[in-house]
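Asker: Start counting the sequence shown at -14; every next residue gets the next number (this note's numbering).
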Amino acid sequence: MTLRRRTAAVALAALAFASLSSAQTYPDRPITLVVPYPAGAAVDRVGRALGAELQRRLGQPVVIDNVAGASGTIGAKKVQRAAPDGYTLLVGTVNDMLVAPAVLKAGYTTMDFTPVTRLSQNTTVLVAHPGFGANTADELVALARRRTEPLLAGATGVAMMQTIGGTLLAQAGGFRIDHVPYKGGAPLLTDLISGQVPLGTIALTSALPMIREGRIKAIGIISSHRDPTAPNIPTVNEGRSVKGVEADLWTGLLGPAGMPEPVVARLNAVLRDIMSDAAYRDTEFKAGSVVVEPNDGKAFGQFLQREETRLKPSLAEVKAN
């Protein structure tokens, strides 16, 4: 073996030993959990619930860092640039992981992150002010087709699955829609309740309390299936006017690319306990979020690849328009 090869081998062995040593003591200091959306958003609620459970089980503080803006890409980039040591993690979603990179110049792909586990799934719901003149998707389409002006609909960002859901619905129904972008679900819901905007596309998790209180009404779930957390709300595809429209959502935990496998395994073990806990699952379900079956980083990575392939035609169609 040459001196150069011997030196490289020693360096690699030292690096592997250092990674293993740090993983064995992980975590020994606070963890930052980046939520790439504002406080009060649906993903923020998921992140805070998860952070509390991680803190309790890992014995170290878990700090929630809301880094909002640009459809979640600012927060995602912060994690992308962080050291891959497991102390900076991202509560990622379909929006910042797949939608924004396809629609905007996000500056990253899923390959720039280490998938840890998928956490939960949710759906997009089309909601309206209680006085809006339609109660179903069919009634909405009929009303929209009679108008000479596009329907106005609030949406929680630009490169968001919620916004794309509204666009796909309008395309399928043969009417026009203009999206009014909001910086999160809270201001959108405020304007919906007051009647400042007649319609909105939003994560069901965010809207469910207002729907239950009757302060806004649900026109339909933008999905191929009803949401188990609100089974009484029909999908927009159940009527005659539109078919095949989907805007499903999910959340997952990721870190910077290159995280040591022992650290990922440690996180997976703790997350498996959290996600299998009946009380945690029940609390999330009541809030409108379905905790998925525990999975590992490999399974989550494969899921990301399937989702990217599945969404590619819809995202290309929206981008072209």
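Don't be surprised by glycine CBs; every beta carbon is placed ideally from N, CA and C.
Taking buried to mean at least 16 other C-beta atoms within 10 Å of its own C-beta, is Ala(-4) buried or exposed?
Answerer: For Ala(-4), the predicted model reports a pLDDT of 49, less than 50, meaning its position is unreliable and no value from the coordinates is stated.
Asker: Would the beta-carbon of Met244 fall within 9 Å of that of Val47?
Answerer: Cβ atoms of Met244 and Val47: not closer than 9 Å.
Asker: Count the CB pairs spanning the stretch 216 to 230 and the stretch 171 to 186 that are closer than 8 Å, and state whether there are at least three.
Answerer: Judged by Cβ distances under 8 Å, the stretch 216 to 230 makes no contact with the stretch 171 to 186, as fewer than three pairs qualify.
Asker: Quick check on the burial criterion: 16 or more other C-beta atoms within 10 angstroms. Buried or exposed for Glu246?
Answerer: It counts as exposed.
Asker: Do you know offhand how far Ala(-1)'s Cα is from Gly92's?
Answerer: At Ala(-1) the pLDDT is 48, less than 50, meaning the model places this residue with poor confidence; the figure from the coordinates comes in the next sentence. Spanning the two alpha carbons is a distance of roughly 32 Å.
Asker: Please classify Glu302 as buried or exposed, where buried requires at least 16 other C-beta atoms within 10 Å of its C-beta.
Answerer: By the 10 Å Cβ count, Glu302 comes out exposed.
Asker: Quick one: what does DSSP say Ala(-1) is sitting in, helix, strand or coil?
Answerer: The predicted model places Ala(-1) with a pLDDT of 48, which falls under 50 and marks its position as unreliable, so this point remains unresolved.
Asker: Restricting to Cα atoms, I'd like to know which of Arg197, Leu43, Thr10 and Leu18 is closest to Ile259.
Answerer: When each option's Cα is compared against that of Ile259, the closest is Leu43.
Asker: Between Gln147 and Ala140, which are expected to be in contact by the criterion C-beta below 8 Å, what is the C-beta distance as a whole number of angstroms?
Answerer: Confirmed, about 6 Å.
Asker: Is the beta carbon of Thr78 closer than 9 Å to that of Gly180?
Answerer: Contact: no.
Asker: So for Pro21, helix, strand or coil by DSSP?
Answerer: The answer is coil: DSSP assigns Pro21 none of H, G, I, E or B.
Asker: Among the candidates Ile49, Glu134, Lys297 and Val112, whose CA atom is the shortest distance from the CA of Gly199?
Answerer: Answer by Cα proximity: Val112.
Asker: Identify the continuous alpha helix (DSSP H) that holds Ile259 and give its terminal residues.
Answerer: Where Ile259 is concerned, the enclosing alpha helix (DSSP H) stretches over Glu246 to Ser261.
Asker: Considering only C-alpha positions, which residue in the set Leu153, Ser191 and Pro21 is nearest to Leu75?
Answerer: The option with the nearest alpha carbon to Leu75 is Pro21.
Asker: For the stretch 22 to 36 and the stretch 163 to 173, state whether three or more C-beta atom pairs, one from each stretch, are separated by less than 8 Å.
Answerer: Yes, they touch.
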